[in-house]
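Numbered as in UniProt numbering, the sequence shown ends at 317 without a single skipped number. The C-beta atom is built at its ideal place from N, Cα and C for all residues, glycine as well. Input: a single structure, listed below in structure tokens.
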Amino acid sequence: MNVPAPVRVGLVGAGPWAEQVHAPMLAAGPETELVGVWTRRPEAATELAARWGVPAFPSYEALLDACEAVAFAVPPAVQAEFAATAARAGRGVLLEKPIAETLEDAAELVQIIEDAGVASVVTLTYRYAAKVREFVAEAQRHTFRGGRALFLTNAYLGGPFATPWRLAKGSILDIGPHAIDLLQTTISTVEAVTAVHGSKEWTAVTLEHAGGAVSQVSLCSHVAADPLRIEVGLFNEEVIRELDVIPAMGGIYGEALLGGTRLLADAEAFGSLRAEFAEAVRSGQPHELDARYGLHLQRVVVAAVQSINTGERVAIQ
């Protein structure tokens, strides 16, 4: 039996998510090989690269020359620019969400990726955990009339994940895609949104789904929650299904989020993400959570922001 060679992946970014997830995940293999790091901050790239025994590249072009695929752990505006360059160079891309700063840039990036025929996968973390996948698969056997998602975290109260981008853009763009994804995947496609933004980043979103179902999302990253509260509930006349996401991700994940000694990348979900990204790069087959799906999620998020700003219901275009 021939074992495929690991996919050579370069990492763009050296912040907390790159340190906690991307670098250790890609270095762990066996499906991938971390070949090096590049960022606009050379000292940060050098420090992270040294930790994993790989080079810090002097330029983005040098990193592209050394790899088959690129993983991004940078803000959306930076990601879109460099992911487009990677795709045009024939490199697969592992993207964070949102996939770009604006909806227009996201649509352009998706077109570039599809025109280039390269693999793309979006890091919707929870969807790679086995217990979450079991919940989704079981839920898809039913027709639900309603649902809810509660995402309460302490991320913006300080610590490594209180980054300038997250603090500026808020929970709706940061963790909103996770909540919307889980409800859309288990109920049906989101067709319209109404959203309200209260004090201290508390955001309430009502999603209207194809077929008439309605679900609601509550988001806040300014809550001193220990343990974190990330929950999903689905309802119809006969069935209630609920998922407590943090336990479903495993104890390692919760410990790492709360500042423990373990890395987020030690959680089982990231092994699945690594393997599936490598398979997408090698096979050329589209992944369920590709850039096109990331674009749809971004349309829903942008509609929610528009609803917050106008006070009106916004249909998804």
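Using a 10 Å radius around the Cβ and a threshold of 16 neighbouring Cβ atoms, would you call GLY53 buried or exposed? Exposed, since its Cβ has fewer than 16 Cβ neighbours within 10 Å.
Could you check whether the segment 272-280 touches the segment 180-196, counting it as contact only if at least three pairs of C-beta atoms, one from each stretch, sit closer than 8 Å? The segment 272-280, when compared against the segment 180-196, does not touch it at the 8 Å Cβ threshold.
Among the candidates ARG41, VAL35, ASP105, LEU234, whose CA atom is the shortest distance from the CA of ILE180? Comparing Cα positions, the closest option is LEU234.
In DSSP terms, what ARG241 is bridged to: In the DSSP assignment, ARG241 forms a beta bridge with LEU234.
Check for me: the beta strand (DSSP E) holding VAL54 runs from which residue to which? Neither: VAL54 is in no beta strand (DSSP E) and is coded neither H nor E.
Would you report the Cα separation of ILE175 and LEU124, rounded to the nearest angstrom? For ILE175 and LEU124, the distance between alpha carbons rounds to 10 Å.
When you compare only the Cα positions, how much space is there between LYS131 and MET249? Going from the Cα of LYS131 to the Cα of MET249 covers about 7 Å.
Top-ranked residue by Cα proximity to GLU61, from LEU11, ALA77, GLY212: Answer by Cα proximity: LEU11.
Buried or exposed: GLU238, going by 16 or more other Cβ atoms within 10 Å of its Cβ? The residue in question, GLU238, is exposed, as its Cβ has fewer than 16 Cβ neighbours within 10 Å.
Identify whether THR185 lies in helix, strand or coil by the three-state DSSP scheme. Three-state result, THR185: helix.
So who's on the other strand from HIS287, going by DSSP bridges? Looking at the DSSP assignment, HIS287 forms no beta bridge with any residue, so it has no partner.
Sequence-distant residues of the same chain with beta carbon closer than 6 Å to PRO253, five excluded per side: The amino acid occupying residue 253 in the given sequence is Tyr; Pro does not appear at that position. Counting only Cβ-Cβ distances below 6 Å, and skipping sequence neighbours, we find ALA267.
Rounded to whole angstroms, how far is the Cβ of ASN154 from the Cβ of ALA224, which I believe are closer than 8 Å? Indeed they touch by this definition, with Cβ atoms about 6 Å apart.
Look at the alpha carbon of ALA116 and the alpha carbon of GLY198, and state the distance between them as a whole number of angstroms. If I take the Cα positions, the gap works out to 42 Å.
Taking the Cβ atom as the reference point for each residue, do VAL301 and ILE113 lie within a distance shorter than 8 Å? Their beta carbons are not under 8 Å apart, which means VAL301 does not touch ILE113 by this criterion.
Is the beta carbon of LEU228 closer than 8 Å to that of SER215? No. Outside cutoff.
Inter-residue spacing [alpha-carbon to alpha-carbon] between ALA49 and ALA80: Going by the C-alpha atoms only, they are around 23 Å apart.
Using DSSP's beta-bridge definition, name the partner residues of GLY146. BP columns for GLY146 point to VAL214, PHE235.
With 16 other CB atoms within 10 Å as the buried threshold, where does GLY212 fall? So GLY212 counts as exposed.
ALA129 vs ALA269 beta-carbon contact at 8 Å: Their beta carbons are under 8 Å apart, which means ALA129 touches ALA269 by this criterion.
Put ALA195 into one of helix, strand or coil per three-state DSSP. Looking at ALA195 - three-state DSSP - the assignment turns out to be strand.
Using beta-carbon positions only, say whether GLU43 and VAL9 come within less than 8 Å of one another. Cβ atoms of GLU43 and VAL9: not closer than 8 Å.
CB GLY36 to CB PRO55, shorter than 8 Å? Yes, Cβ-Cβ distance for GLY36 and PRO55 is below 8 Å.
In this structure, does DSSP put SER221 in helix, strand or coil? Three-state DSSP puts SER221 in coil, outside helix and strand.
Limits of the beta strand (DSSP E) - the one that LEU94 falls within: Element bounds for LEU94: 92-95.
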